[in-house]
Every structure is written in C-alpha cells, then in structure tokens.
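Number of protein chains: 2
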Amino acid sequence: MVVDQLRETELDRLFQAFADTTRRDIVRRVTVGEYSVSGLAALYAMSFAAVQKHVAVLERASLVTKEKRGREQIVRGNHEGLQKALRLLDEYEQIWRQRAARMADILAEG
Amino acid sequence: MVVDQLRETELDRLFQAFADTTRRDIVRRVTVGEYSVSGLAALYAMSFAAVQKHVAVLERASLVTKEKRGREQIVRGNHEGLQKALRLLDEYEQIWRQRAARMADILAEG
DNA sequence: ATATTGTACAACCAAATGGTTGTAGATCAG
DNA sequence: CTGATCTACAACCATTTGGTTGTACAATAT
C-alpha cells in the first residue's frame, strides 16, 4: 500500500515545482546559464521576494542549487531532480507501450 | 515574454496533476487496466468524493478520460497528456546535454 | 563614511488544494 | 416497487500557495 513514502513525497515536491510557468522558465534559464536571484527577479513582473520563493521551491525539489558569490546568490540547475521526474514518466510510458503491445497481440489472435 | 499562454497553463495543470501520490497511483492503474470511479475509491483510505475530485483533476489535465457504462463511470488513461509532459522534460534534458557538451569542448580547448 | 545593491525573512492576504459530510438523481437487482 | 449502488455536486473546513510590503543585514561602490 504505502510503497515508498519518502520517494513519493519527493516526487510530490518535484512535480509541484514544475507546476508553475515562472518556475519552469527559471529552470530553463539556469540550465542554460548562470543567474543571481536578483538577476532572475529582473525578468519577471513580480517582486524580488516572490522570485526568491520560487527559487526556494525549486531548491527544495532538488531542481536547482544556490551558491553564494560575494553578495550575490548564484542559482544553477541540478540535473538530478530533472532525471528523477523523467524516470517516473518514462516508467508510465513503458507500461503504456507494453499495454499497447498486448492489445496488438490480442487483435492479431482474434 | 509571454511565449504561449495556453500551452503554459496546460502544462501548469498537467504537472499539478502529477504532484499528488494518489493521482500518480490512479494514472498508473488506469494505464494498466480499467477501473470505475468507485473501483478506484475502494483502493484508497479516503472518501469516494475525494477520489472523484482526484479523477476530475486528472481529467482536466488530459491524463484520463471518463466513459459512462451503465451506472458506472469507467476511467481510462489518456496517453496524450503524458506525452506532453515527457516532451517538455525531454526539452530540458536536451538543453542540459548540449550545455554539458559545450563544457566538454571548452575544457578540451583550454 | 555613506549610499546602493543583493539577500533573507516575517507578517499578511486572497485564492486554490485536499479533504470531509450531506443531499439528490440514475441505474441495477430482488 | 423497493432497496442498494454509483455518481454528481454543494457546502464547509484547514492548510498550502503565490503573491505583497516592510525590516534588517551583509557586501560592494562612490
């Protein structure tokens, strides 16, 4: 029943992190290059504090890391989190393909 | 700036749908087989209405479809939604790989 | 030394989320 | 017909989410 509680809440956080346009944009940007928190904040029509919170959500989900450099905080992409999400969705995809194959077999028999 | 509003809110809903353990379990199950809403409800330690809401969230996100059969409502997986999520994450993955390749090049030069 | 910049964090607010119970309408079984 | 089952939906509740403003402090620039 309760298969793997830790992994599940980890995935909850991970997909929750992806469930916001601004956060997906941040992930895309810090995957390509380097941004400070205020550098990111300048990109969006919302307060610095709001962007700070988005970054915190991404950090909790292991999708980005922060590293202090002088007075700035540099945000970088964290490949691990993304791979974890991809793995789960790929599992579903595999199941779907297997079912499709079974269906094809059944149709071939009948 | 506002790249593609419709696609973005669609992705918001999609990832939000995945951001819950019960909903991920429902997706997995209806991908494998057929379940009525009450059949699903029997599986979880929550009310029928709660499961009904989870199914509604998945339906809005285009991850499942419902089809009336007699007095039952049969829930089935909808491959489209899953593929959409996979596509986006694969985009990120590609970007990441490209960046990793660039880094390797730079290291080779220097 | 002072002003500016970048960050952190608290307090607050409206809206959404994830759950509940209760009521009511269809459909099926006896 | 009557009762049981399956679904839909409303009302309610506590918590979380996504945003705001304000305060404080560290690091840089003038």
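If you read the sequences in order, they're chains A and B. The first sequence begins at 12 in this note's numbering and counts up one residue at a time. The second sequence begins at 12 in this note's numbering and counts up one residue at a time. Cβ atoms here follow ideal geometry from the backbone N, Cα and C, with glycine treated the same way.
- Item | Which of helix, strand or coil DSSP assigns to residue 46 (chain B) | Three-state result, residue 46 (chain B): strand.
- DSSP state of residue 82 (chain A), grouped into three classes? Assigned with DSSP and collapsed to three states, residue 82 (chain A) falls in coil, not helix or strand.
- Task: Answer yes if the stretch 57-65 of chain B comes into contact with the stretch 95-114 of chain B, meaning at least three C-beta pairs across the two stretches below 8 Å, and no otherwise.
- Result: The answer is no - the stretch 57-65 of chain B does not touch the stretch 95-114 of chain B, with fewer than three Cβ pairs under 8 Å.
- Task: Within its chain, find whatever has a CB closer than 8 Å to the CB of residue 23 (chain A); leave out the 5 residues flanking it on each side and keep chain order.
- Result: Correct list: empty, nothing qualifies.
- Query: Are there three or more Cβ pairs, one per stretch, closer than 8 Å when the stretch 20-39 of chain A is compared with the stretch 70-82 of chain A?
  - Reply: As far as the Cβ criterion goes, the stretch 20-39 of chain A touches the stretch 70-82 of chain A, which means the pair count is three or higher.
- Item | CB contact check: residue 104 (chain B) to chain A, cutoff 9 Å | Answer yes: the Cβ-Cβ gap between residue 104 (chain B) and chain A drops below 9 Å somewhere.
- Query: Interface residues of chain B around residue 30 (chain A) at Cβ under 9 Å?
  - Reply: In chain order: 22, 23, 24, 25, 26, 27, 28, 29, 30.
- Task: Just confirm the distance between the C-beta atoms of residue 84 (chain B) and residue 48 (chain B), as a whole number of angstroms; I'd bet it's less than 8 Å.
- Result: Taking a contact as a CB-CB distance under 8 Å, the pair residue 84 (chain B) and residue 48 (chain B) counts as one, their CB atoms being some 5 Å apart.
- Message: Is the beta carbon of residue 42 (chain A) closer than 9 Å to that of residue 65 (chain A)?
- Response: No, Cβ-Cβ distance for residue 65 (chain A) and residue 42 (chain A) is not below 9 Å.
- Task: Could you work out which residues of chain A lie near residue 90 (chain B), taking near to mean beta carbons separated by less than 8 Å?
- Result: Those are 107, listed as they occur along chain A.
- Query: residue 76 (chain A) bridges to which residues according to DSSP?
  - Reply: Residue 76 (chain A) is bridged to A:87.
- Assign residue 44 (chain B) to buried or exposed, taking buried as 16 or more other Cβ atoms, counted over all protein chains shown, within 10 Å of its Cβ. Of the residues assessed, residue 44 (chain B) falls on the exposed side of the cut-off, its CB having fewer than 16 other CB atoms within 10 angstroms.
- Specify the secondary structure class of residue 54 (chain A) as computed by DSSP and reduced to three states. Here residue 54 (chain A) carries a coil assignment [DSSP, helix/strand/coil].
- Mind reading off the beta-carbon distance from residue 106 (chain B) to residue 39 (chain A)? Whole number of angstroms is fine, and I expect it under 8 Å. Their Cβ separation, rounded to whole angstroms, is 7 Å, which keeps residue 106 (chain B) and residue 39 (chain A) in contact under 8 Å.
- Query: If you draw a straight line from the C-alpha of residue 100 (chain B) to the C-alpha of residue 51 (chain B), how long is it?
  - Reply: Computed Cα separation, rounded: 29 Å.
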